[in-house]
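Engineer: Take a look at this one; I'll ask things after.
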């Protein structure tokens, strides 16, 4: 539980004031996209997919304190499973490829977890990076993972088949599909963070020795957290391939792992909305700055990072919610 | 019945013998105080009992069961609770979160994801009792780092007790407390349910003679003396360690 949640409970502002941000979020996520041009609907889908990817990172690093630089491996495992099933086996069912993708990513996390969790701290980070590289070079070098052969990655994938008669994908329909999955992911993250298991992860982040002494099998809890994070990452990877209809080894690279890390830090680590807020900030600032100043957009993104770290160290989500509470308290004092 | 038995237990760090062939047993319900000068191996003994360190040789029995190879959490599940020398409650979590973590630790619910952490009525009752007892229920939403040191210490002891331990290990519970707080601490230990076997590491004479039914003296990794407080007080070797050389006050004066 974070500080702002605690403060909100004791604060005097009426419930309507506290409900307003949620109304705003719903309006932006549900109502607004219908009025946007299709390329922005596409960006909205991308933002939600990265929000799900960031939830993965939030579970493993934000709550549990395992700083990973290899979440892209499970993102890629989910994505490549979908792509290979479509391109090599001609299976294009949304449900079949989607479930297979998530299962494969989760299994990959379950398989690598025991190796990774032999170490902790900086060594854990390096090892997750190494395993990420493994996935990268595997997809790079193996002809099986390149369709058409010779070109890196798998291109020209079909739209996933829903099995609903007469259904046609549009950019907006796909967005709402992603939104539904995002809502499910948010709900799961919420349940997790409120549950005894979720609290145990925060305890482990704060210090393992005490948790052991309290009777928690710290290794097992870390392992479960890692596998759950793998499931979220592969879910994001599956959606990513559905959206782009293309995947390449670079999607498993360290840059891809770095994105959710930056998003969680910017948005607010170990908070419910941090991953989504961070994903929105980075996806849209990156997009608009690259449109406005094509040559210098990394400069703008970098400035955002620095400002966020300087002035909103606990994340934009926490910063904004604190401001909102303070404003509410001030308004209703008079 | 024996709550705890150490059978020829030794601990070496490389060539350093921290504990050397310790054999002792503690009956169920006994209040034992473990004393000895710095470096005697008191905290190491605790680390071996609760499993934080593996023994180099020897065996450890808990209520008749050989627990020598069991990890820390498995021993905790069998009823060992421990407080640490330096306060170890989580400073960045709230008082309530600290308490609820302790409450779930020994139950299957520690893996639960379906219910909220505070949707367990029987645990909530327990948490409230423990925090009330420590006088911290009103401050349950406060971060632990914002509490006074004495309060943190009280919280730690209250939580250690909330786990319903069978064997309680208290490492210098009075460390860093004022004289008044120290008296409270002695009172807390003395009013523990008789069923709880308690081992206390202490330096403070008030604590040692305030709670001990039996005193074990460690000296450079060896078991020096073991007996009731009166015997230990009369023991010549113990007096030498704590009060300096006895049969030569004139020599001591010469320094």
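Protein chains in written order, with our numbering: chain E, 2 to 335; chain V, 765 to 1019. Heads up, the beta-carbon is just placed ideally off N, CA and C, and yes, glycines get one too.
#1: How many Å lie between residue 938 of chain V and residue 822 of chain V at the Cα?
#2: Tell me where the beta strand (DSSP E) around residue 825 of chain V begins and ends.
#3: Could you give the distance in angstroms between the alpha-carbon of residue 297 of chain E and the alpha-carbon of residue 279 of chain E?
#4: To the nearest angstrom, report how far apart residue 41 of chain E and residue 229 of chain E are at their CA atoms.
#5: So with Cβ pairs under 9 angstroms, would you call residue 197 of chain E a contact of chain V?
#6: Please report the straight-line C-alpha distance between residue 103 of chain E and residue 16 of chain E, rounded to a whole angstrom.
#7: For residue 23 of chain E, report the span of its alpha helix (DSSP H) as first-last.
#8: Taking only three categories from DSSP, how would you classify residue 967 of chain V?
#9: What's the gap between the Cα of residue 832 of chain V and the Cα of residue 929 of chain V?
#10: Drop a sphere of 10 angstroms on the beta-carbon of residue 768 of chain V, count the other beta-carbons inside from all chains shown, and report buried for 16 or more, exposed for fewer.
#11: Under DSSP, the beta strand (DSSP E) around residue 990 of chain V begins and ends at which residues?
#12: So with Cβ pairs under 9 angstroms, would you call residue 213 of chain E a contact of chain V?
#13: Pick out whichever of V:803, V:901, V:857, V:787 has its Cα sitting closest to the Cα of residue 965 of chain V.
#14: Let's test the definition: count the other Cβ atoms within 10 Å of the Cβ of residue 112 of chain E and tell me whether it reaches 16, buried, or not, exposed.
#15: What do you get for residue 918 of chain V, buried or exposed, if any count of 16 or more other CB atoms within 10 angstroms of its CB means buried?
#16: For the stretch 848-906 of chain V, which segments carrying the alpha helix (DSSP H) assignment without a break, of at least 4 residues, lie completely within its bounds, in sequence order?
#17: Under the three-state reduction of DSSP, which class applies to residue 247 of chain E: helix, strand or coil?
#18: Enumerate, from N- to C-terminal direction, the unbroken alpha helix (DSSP H) stretches of 4 or more residues contained entirely within the stretch 255-313 of chain E.
#19: Leaving out the 5 sequence neighbours to the left and right, which residues in its chain are closer than 7 angstroms to residue 1035 of chain V when beta-carbon positions are compared?
#20: Which same chain residues end up closer than 7 angstroms to residue 1 of chain E when comparing Cβ atoms and leaving out the 5 residues on each side of it in sequence?
#21: Using the three-state DSSP reduction, which class does residue 152 of chain E fall into: helix, strand or coil?
#22: Using only alpha-carbon positions, find the residue among E:263, E:73, E:314 that is nearest to residue 134 of chain E.
#23: Using CA coordinates, which residue listed in E:303, E:123, E:236, E:231 is at the minimum distance from residue 264 of chain E?
#24: By the criterion of Cβ-Cβ separation under 7 angstroms, what are the contact partners of residue 875 of chain V in chain E?
#25: Which two residues bound the contiguous alpha helix (DSSP H) that contains residue 324 of chain E?
#26: For chain E, is any of its Cβ atoms less than 9 angstroms away from the one on residue 807 of chain V?
#27: Taking only beta-carbon atoms, is residue 9 of chain E less than 9 angstroms away from chain V?
#28: Does the stretch 164-184 of chain E come within contact of the stretch 219-229 of chain E, defined as at least 3 CB pairs closer than 8 angstroms?
#29: Residue 857 of chain V versus chain E: which residues are under 9 angstroms apart at the beta carbon?
#30: Who are the neighbours of residue 866 of chain V on chain E, taking C-beta pairs under 8 angstroms?
#31: Can you tell me which of the three DSSP states residue 775 of chain V falls into?
#32: Restricting to Cα atoms, I'd like to know which of E:275, E:44, E:238, E:84 is closest to residue 63 of chain E.
#33: Would you mind reading off the limits of the beta strand (DSSP E) that contains residue 789 of chain V?
#34: At what residue ranges does the stretch 27-105 of chain E contain a whole run of the alpha helix (DSSP H), taking only runs of 4 or more?
#35: Whose Cβ in chain E lies nearer than 8 angstroms to the Cβ of residue 927 of chain V?
#36: Can you check which of these residues, E:272, E:169, E:47, E:319, is closest to residue 245 of chain E by C-alpha distance?
Structural biologist: With the given structure in hand:
#1: In a straight line, the C-alpha of residue 938 of chain V is about 31 angstroms away from that of residue 822 of chain V.
#2: If you look at residue 825 of chain V, you'll find it in the beta strand (DSSP E) that goes 821-826.
#3: Rounded to whole angstroms, the separation of the alpha carbons of residue 279 of chain E and residue 297 of chain E is 21 angstroms.
#4: The alpha-carbon atoms of residue 41 of chain E and residue 229 of chain E are separated by roughly 31 angstroms.
#5: In terms of beta-carbon proximity, residue 197 of chain E lines the interface with chain V, with at least one pair separated by less than 9 angstroms.
#6: Taking the straight line from one Cα to the other gives about 38 angstroms.
#7: If you look at residue 23 of chain E, you'll find it in the alpha helix (DSSP H) that goes 16-27.
#8: In this structure, residue 967 of chain V counts as coil in the three-state DSSP scheme.
#9: Spanning the two alpha carbons is a distance of roughly 19 angstroms.
#10: Buried, because 16 or more other Cβ atoms sit within 10 Å of the Cβ of residue 768 of chain V.
#11: Taken as a continuous stretch (DSSP letters only), the beta strand (DSSP E) holding residue 990 of chain V covers 986-991.
#12: Cβ-Cβ to chain V under 9 angstroms: yes for residue 213 of chain E.
#13: Residue nearest to residue 965 of chain V within the set V:803, V:901, V:857, V:787 is V:803 (criterion: CA-CA distance).
#14: With fewer than 16 other Cβ atoms within 10 Å, it is exposed.
#15: Buried, by the Cβ-count rule.
#16: Complete alpha helix (DSSP H) runs here, min 4: 859-869, 885-897.
#17: In this structure, residue 247 of chain E counts as coil in the three-state DSSP scheme.
#18: If only complete runs of 4 or more residues are kept, the stretch 255-313 of chain E shows the alpha helix (DSSP H) at 255-268, 275-293, 298-312, in order along the chain.
#19: Past the edges of chain V, shown from 765 to 1019, lies residue 1035 of chain V, and the structure says nothing about it.
#20: Here chain E has residues from 2 to 335 only, and residue 1 of chain E is not among them.
#21: DSSP, reduced to helix, strand and coil, places residue 152 of chain E outside both helices and strands of the structure shown, so it counts as coil.
#22: The shortest CA-to-CA distance from residue 134 of chain E to any of E:263, E:73, E:314 is the one to E:73.
#23: Of the candidates E:303, E:123, E:236, E:231, the residue whose Cα lies closest to the Cα of residue 264 of chain E is E:303.
#24: The answer, in chain order, is 198.
#25: Boundaries of the alpha helix (DSSP H) around residue 324 of chain E: 317-332.
#26: So, not an interface residue.
#27: Bear in mind that the predicted position of residue 9 of chain E carries a pLDDT of just 47, short of 50, making it too unreliable to give a figure here.
#28: Counting Cβ pairs under 8 angstroms, fewer than three are found: no touch.
#29: By Cβ distance, chain E contributes 2, 200, 203, 204, 207.
#30: 215, listed in chain order.
#31: Of the three classes helix, strand and coil, the one that applies to residue 775 of chain V here is strand, per DSSP.
#32: Residue E:275 is the option with its Cα nearest to residue 63 of chain E.
#33: Residue 789 of chain V: member of the beta strand (DSSP E) spanning 780-791, first to last residue.
#34: You should have 39-58, 72-90.
#35: Here the neighbours are 215, 216.
#36: Of E:272, E:169, E:47, E:319, the smallest CA-CA separation from residue 245 of chain E is found for E:47.
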